[in-house]
Structure formats: structure tokens, C-alpha cells
Amino acid sequence: MEIIILKDAQAGSEVGGKIVANLINEKPNAVLGLATGSTPVMLYNEMIKWHKEKGLDFSKVRTFNLDEYIGLEKNHYASYYRFMNENLFDEINIPEENKNIPNGLAENIKQHCLDYEAKIVEEGGIDLQVLGIGSDGHLGFNEPTSSLASRTRIKTLDEQTRDDNKRFMKDGDPVPYHCITMGMGTVMDAKTNLLFAFGENKADAVQQMVEGAISAMCPGSALQMHPNAIIILDEAAAAKLSKADYYKWVYNNKPKWQTY
Ligand code: F6R
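Residue numbers (our numbering): 1 to 260.
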């Protein structure tokens, strides 16, 4: 794991934007795995800036989102389909047919999940997966006790996650109980995993993920077994890491060829 601790979410998202831009410049038809929630919004702003100000071309990029709620219409204000259009896709030149988001209204969810996995493989696998982490350690919606080898499937959200996500709902609408999520095995197959965590409410989950034992109780800890996981944190999310000074030294003293 490479742990990068920066002063705030903006600085972290700028580095993330550069990592994504470097990949697309090197491989214009890269396959990106994408996340929703508050955390990647600043990263998406950076990607939009790269597109609008520096001409970064998304016309050949393919994307797969991690998850979607079950039962919400595509254009429901809280659907991840809508989130992605509003926060990224409407602002870059990615063709409609290159975007993939699990369909929370699929009639045959089991088959849809199998097809989603097959399409990722067909497209050559995910080059770079963007991730956030839940306060309970979930990645995607792989809640604690999810199999660390799981594939795309239906999951039931943990109460803590439903509570955390109340802020995205209006007029007392309930957070759905069910979702479709890529599995931990799917996430682990990505060539690079790029995880962001910002704010003090992520500090415990980050500590477990980075320095705790590998355990299904903190699905994020599976990334300890990933050969290319980059973890970008602000000071608040890194506050409980015992080796924070070491991670900072390493990052600040990288050989030039290894910097982003
Ligand atoms: C969303 C997702 C989730 C979020 C996590 C953190 O696609 O996969 O794992 O990354 O719930 O959410 P925020 O960023 O809102 O704190």
C-alpha cells in the first residue's frame, strides 16, 4: 500500500486527478472503476478541469461503477446513475455506450450481476478503480463480513451505512435497504486501486484498513493484499495511523521518476 497524507481533500484530489490523467494519457481507452458518495466529488471536479482546461480526452475511456441502489428509478435524485451524470459524465466527452452502472431495476438481478462481471472481463479488466471507504470499513457496498472473494451481487446495507447516507435523501425518504455492488474479489482484480478518505469520521476505518488485521470485519483491509493500492488521505482521516510520519517521509522523498 502506498499511503499519501496531504493537508486537505483538495490537495488529495489534485494528486488523484493527476494519477487518472496520467493513465488516460498513457492509455486513452483505459477502463476506470468509479465510486459515488461525497468523497470522489472533488476528484471528479479535477477530472473535469483536466478535460476542459487541458483537453484530456475521455472519448475512448470505458467506466464501470461500483454500485447502485435497488429500486430507484434511473433519474431518482438519489440514484447513482443520476449522481454520475451530474458530477462527472455530463461535463466530459465520454460516449453514453462506454458507461456502465449496475441497474438497480434489473428484473433478473442475479443474471444482471453475472453479465456485469462478464462485461468487465470483456473490456479487458479495470485499469484503475476509484474507491471511498465507509465509516464501517466498507468498499463499494461490501459491508463488514462480506466475503473478501465476493463478486458483483445483491447486498443488504448495514444500519450504520443507511444512517451515514441519510444525508443524501430528501423529505424523510428512507435510504434503500438493498443494493447491487461489485464484490471484493472484483475490486481486488483491478490493476490499480485508488482510495480516498477525508475527514475525522473515516479515521477509525482508515486505521483498520491500513494497520489492522486483514479481516472481513473491515473489507477495506483486503487492500493490504493488493499489489498496487494507493491510499490518499487528509490529516483528519490519517489521525489514528501509528506510522503516519513514516508514510509522509516516504512520500516526500520519492525518487522523481516515481512521483505523480
Ligand atoms: C459509493 C461507494 C461507497 C462510498 C462510501 C463512502 O459508490 O462505493 O463505498 O465510497 O460509502 O461514502 P462517502 O464518500 O459519501 O463518505
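Don't be surprised by glycine CBs; every beta carbon is placed ideally from N, CA and C.
This one's a predicted model, so the numbers in the text were calculated from it and none came from an experiment.
Residues of its chain near residue i, where Cβ-Cβ distance is below 6 Å and the 5 sequence neighbours each way are ignored
i	result
lysine 60	Pro28, Asn29
glutamate 143	Asp158
asparagine 87	Val41, Tyr44
arginine 82	Asn75
alanine 190	Gly33, Ile126, Gln129
aspartate 69	Per the sequence shown, the amino acid found at residue 69 is tyrosine instead of aspartate. Gly104, Pro176, Cys179, listed in sequence order.
serine 150	Gly183, Met184, Gly185
For residue i, the three-state DSSP class (helix, strand or coil)
i	result
glycine 33	strand
tyrosine 116	helix
glutamate 123	coil
phenylalanine 141	coil
serine 59	coil
alanine 237	coil
alanine 216	coil
tyrosine 69	strand
lysine 170	coil
glutamate 2	strand
isoleucine 180	strand
isoleucine 109	helix
lysine 243	coil
valine 130	strand
threonine 152	coil
asparagine 93	coil
Nearest-angstrom Cβ-Cβ length linking residue i and residue j, presumed shorter than 8 Å
i	j	result
phenylalanine 58	valine 31	Rounded, the Cβ-Cβ distance is 12 Å, inconsistent with contact.
glycine 212	glycine 132	The pair is not a contact, with the Cβ atoms about 18 Å apart (cut-off 8 Å).
asparagine 25	histidine 51	Rounded, the Cβ-Cβ distance is 12 Å, inconsistent with contact.
phenylalanine 141	lysine 119	Not really, about 19 Å apart at Cβ, beyond 8 Å.
tyrosine 260	lysine 18	5 Å
First and last residue of the uninterrupted beta strand (DSSP E) at residue i
i	result
aspartate 234	229 to 234
phenylalanine 196	192 to 197
Opening and closing residue of the alpha helix (DSSP H) in which residue i lies
i	result
lysine 54	41 to 54
alanine 205	203 to 211
leucine 23	9 to 26
lysine 256	From DSSP, lysine 256 is part of no alpha helix (DSSP H); its letter is neither H nor E.
phenylalanine 83	80 to 87
glutamine 224	Run containing glutamine 224: none; DSSP gives neither H nor E here.
leucine 161	Contrary to the premise, residue 161 reads as threonine rather than leucine in this sequence. That run of the alpha helix (DSSP H) goes 159 to 164.
Neighbourhood of residue i by C-beta distance below 8 Å, restricted to the same chain and skipping five residues each side
i	result
asparagine 228	Lys191, Thr192, Asn193
glycine 71	Gly104, Leu105, Pro176, His178
glutamate 53	none
Same chain, Cβ closer than 7 Å to residue i, neighbours up to 5 away in sequence not counted
i	result
methionine 169	Ala78, Val175
leucine 23	Ala30, Asp127, Leu128
alanine 222	Leu148, Met184, Met188, Ile214
Does the pairing of the stretch 200 to 215 with the stretch 240 to 259 give three or more beta-carbon distances under 8 Å? With a cut-off of 8 Å, the stretch 240 to 259 and the stretch 200 to 215 count as touching, because enough Cβ pairs lie within range.
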